[in-house]
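Visitor: First residue of the sequence shown? That's 45 in the working numbering, and the numbers climb one at a time after it.
If you scroll down you'll find the structure; I have some questions about it.
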Amino acid sequence: MITSYLTHQTIQIESEDLASPLCPEETDLRRQLVHFGRWVHRLGYTPGTAGNLSVRLDSKLILATPTGCSKALLCSDDMVILDNEGHKLSGARNVTSEIGMHLAVYRLRPDVQAIVHTHPPIATAFAACRKALDQPICSEILMTTGLVPLASYATTGTEEVSASLEPFIPHHDAILLANHGLLTYGTSLPDAFMKTETVEHFAQVSLAAHQLGGGTSLQERDIEKLKQARARYKQNAAQNPPCN
Ligand SMILES: [Zn+2]
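Set out below in structure tokens:
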């Protein structure tokens, strides 16, 4: 007998029933993980078995993509359910070794509902050169994630990774991991996915601007106006959830 704490309820389930849908919320979130896993793979952000996505089922449980699987080939039943300490509670596959960064974000940001970790090529090139995406040359990035800091290098799959991210998590929605990749998070999987897409686009623009001689940074007063617009945008987004 295994206990699964689902949204607003606790259900006792037999182990042989784990592959069956348990509630409408979980079924939809499994579908979303499959859907956005395929999107990040199609965009070239998760070559091989790279990357992982997760979403909160409730305040105590997380639903995540498993280790060692192409994001193009995942099925709903491949997902694993784990607790806030990273212990697997159900699922035939194993928990990703990179789950520590997800747990750190959920611990420090109660507002976050979903996380996307990928290796988008241009953003990852910035991370490989240990350059933050912190030049305010595009209004769009200031309207969505804000500028993107660079966390110090940490060995993948170790506790060093969450330690390197912790100083940035409370104040940022997107973080570059030195010599590794990108982490974004938000109020839903569509929100976290779109932040990934936006950061990679900003990385492409930043690279092209650099090749053209360097972009022109926005002035402080214009940045402040965009920050205010972002706050309004977040408020509206909370009232009108994105399509998925
Ligand atoms: Zn990674």
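Where a beta carbon is used, it is the ideal one built from N, C-alpha and C, also for glycine.
(1) When DSSP builds the beta bridges, which residues end up paired with residue 124?
(2) Does DSSP put residue 141 in a helix, a strand or coil?
(3) If I measure Cβ to Cβ from residue 198 and keep anything under 6 Å in the same chain, skipping five residues before and after, which residues do I get?
(4) Enumerated in chain order, which unbroken segments of the alpha helix (DSSP H) with a length of 4 residues or greater are wholly contained in the segment 204-272?
(5) Kindly indicate which three-state DSSP category residue 188 falls into: helix, strand or coil?
(6) Whole angstroms are fine: how far does the CA of residue 135 sit from the CA of residue 223?
(7) For the segment 247-255 and the segment 87-99, state whether three or more C-beta atom pairs, one from each stretch, are separated by less than 8 Å.
(8) So, helix, strand or coil for residue 100, using DSSP?
(9) Roughly how many whole angstroms lie between the Cα atoms of residue 54 and residue 140?
(10) Would you say the beta carbon of residue 144 is closer than 7 Å to some non-hydrogen atom of ligand 1?
(11) Return the first residue and the last residue of the alpha helix (DSSP H) that residue 172 is part of.
(12) So, are the CB atoms of residue 155 and residue 189 less than 8 Å apart?
(13) Going by DSSP, name the residue or residues bridged to residue 132.
(14) Would you say the beta carbon of residue 168 comes nearer than 7 Å to a heavy atom of ligand 1?
(15) Thinking just about the alpha-carbon of each residue, which of 131, 114, 77 and 69 is nearest to the one in residue 108?
(16) Across which residues does DSSP place residue 159 in a beta bridge pair?
Guide: Inspection of the coordinates gives the following:
(1) 108
(2) coil
(3) 204, 205 and 208
(4) 233-255
(5) helix
(6) 31 Å
(7) no
(8) strand
(9) With a pLDDT of 33 at residue 54, under the threshold of 50, the modelled position of that residue is not reliable, and the figure given next carries that caveat. Using only the alpha carbons, I get a separation of about 25 Å.
(10) no
(11) 165-172
(12) no
(13) 126
(14) no
(15) 77
(16) 98 and 229
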